[in-house]
Every structure is written in structure tokens, then in C-alpha cells.
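See below for the structure under consideration.
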Amino acid sequence: MIAEALHKIKNEISSDVTLVAVSKTKPVSDIQIAYNAGQRIFGENKVQELAEKYEQLPRDIEWHLIGHLQTNKVKYVAEFVSLIHAVDSLKLLAEINKQALKHNRTISCLLQFHIADEESKFGLNLEEAREILSSNDFVEMQNISIVGVMGMATFTDNIEQIQEEFRTLENYFHVLKSHFFKYNGDFKEISMGMSGDYTLAIEEGSTMIRVGSSIFGGR
Ligand SMILES: *Cc1c(COP(=O)(O)O)cnc(C)c1O
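Numbering (this note's numbering), first residue to last: 1 to 219.
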């Protein structure tokens, strides 16, 4: 089932869209099945779960942290995480930079934007992102690479609304690209789209989809 679902999605999407297989709450045996089917990029939303799975699984897996990250937990993933999707404050960036430096590496991050109309979701608005990126503190961070943006659409059946939210994120990406990353080829990712809306997201310019239940089944 897992391997079939994975192949089906892989066949649907173009090869320049990165598929992050979201394995949160699923056992390592499920991840191993997806790994054996060729998947190497996995996403988790909790630090502790991520760290435990990292210990048990092959070292060539690229682990993405997709959930909200508390500053005091950065240290548990700094050694190995390959992309942090949900960065939404300068304080968090400062801690990631500090921990990355300890491990003598650069950690790639996405800035998370609030695009949904739901209160509960984390994320920046464009003005806050501009403030962060133009601050001296940020400019001095040597061990962080901001490689793009991330967002989650509202959980709704209203396709036009979802489209509009994805368009907003795509627009933010271009605004930031032209103001802050014009000559930085690493800033290229738009992480948007989950099981229910990844087709829409790709139509609106997503370069990275985060798909869980369509691969591993419901949670
Ligand atoms: C759980 C989760 C996903 C995947 O959701 P599915 O609907 O199972 O595909 C994607 N992104 C984030 C941030 C998540 O927490």
C-alpha cells in the first residue's frame, strides 16, 4: 500500500517538485517501507519523535521538521535536520544559528507565512518577514540559509479560497526573492500543498509538497 501510494504520487508530479513524505505518528516500519521504495525525504512535526526516528533509520534520509519549533528544542535536531519548514521569528533563527554553529554546519530554513484564515496557525506576515530579513541580527547569522517560504492553506472545501491563499504565498515568495535574495540561488522553495490540496498547490507554483495521509494512510 505505502509503496503503491508513493509511486502513484511520484508519477503524478513533475520531477522538479520535491515530495516530503510526512511520517508523523507512523511507525519506523512504515518509513522503512517507503525508504525501500526509494523515498529519501521525510517530514515530522515533533522534535522528539523526529530525533527518535532519526536514530533508528538509515543515515541517508533527509529529515525535514515541518511543525512548529520551540526555541529550547532546536538543540535536539541541530546536528542532523536538513530543512526546518516553520521558522516564524528572529529569536528562533538566532537559536538555530547558534546550534548550527556548534555543529559546524549551516541549517536550511523556510520562513513560515500565515496564509489561512484560521487563528490557530503559526506564521509571519510579509511585513514581519521583511523586518527579520533586513535586521542586523539576521544579516550577521552565518550558519543559516533561508531557502524559501512555507504555508498551510485553510482547511476548507472552498477551492477558490485555497487557490487564493496559495497565490498569496507564491506572491510573498517573489516579493522576498526580488528584495532580499535576487542573487541567491538557494532561495527557491515554496513549500505548500498537503494530501488534500497538493495538486492545487503545484498549479500555483509549489516546489515542495508535504504529503502524509495519502502515502501512509489516515492518522
Ligand atoms: C501533517 C502535516 C502535513 C501532511 O498532512 P496530510 O494531510 O496527512 O498530507 C503537512 N504539513 C504539515 C505542517 C503537517 O503538520
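Just so you know, even glycine gets a beta-carbon here, dropped at the ideal spot from N, CA and C. Keep in mind that this is a model prediction, so the values were computed, not measured.
CA-CA distance, ASN143 to ASN136, rounds to 15 Å. Cβ contact annotation for ASP30 (same chain, cutoff 8 Å, sequence separation greater than five): ILE2, SER23, PHE216, in chain order.
Taking the Cβ of LYS10 as the reference point, every heavy atom of ligand 1 lies at 7 Å or farther away. Around the beta-carbon of ASN36, fewer than 16 other beta-carbon atoms lie within 10 Å, marking it exposed. Placement of the Cβ of MET1 at a distance of 7 Å or more from every heavy atom of ligand 1 is found. Across the structure, ILE190 and ILE146 are spaced so that their CA atoms are roughly 12 Å apart. When distances are taken from the beta-carbon of GLY148 to the heavy atoms of ligand 1, even the shortest one reaches 7 Å or more. The DSSP-derived three-state label of HIS7 is helix.
In this structure, GLY217 has its CB at a distance of at least 7 Å from all heavy atoms of ligand 1.
Judged by their CB atoms, GLY38 and HIS64 are not nearer to each other than the 8 Å cut-off. For ALA94 against LEU111, the beta-carbon gap comes to about 14 Å, at or over 8 Å, which does not count as contact.
ASP88 and ILE132 have their C-alpha atoms some 9 Å from each other. Of the other Cβ atoms in all chains shown, fewer than 16 fall within 10 Å of the Cβ of ASP16; this residue is therefore exposed.
Assigned with DSSP and collapsed to three states, SER191 falls in strand.
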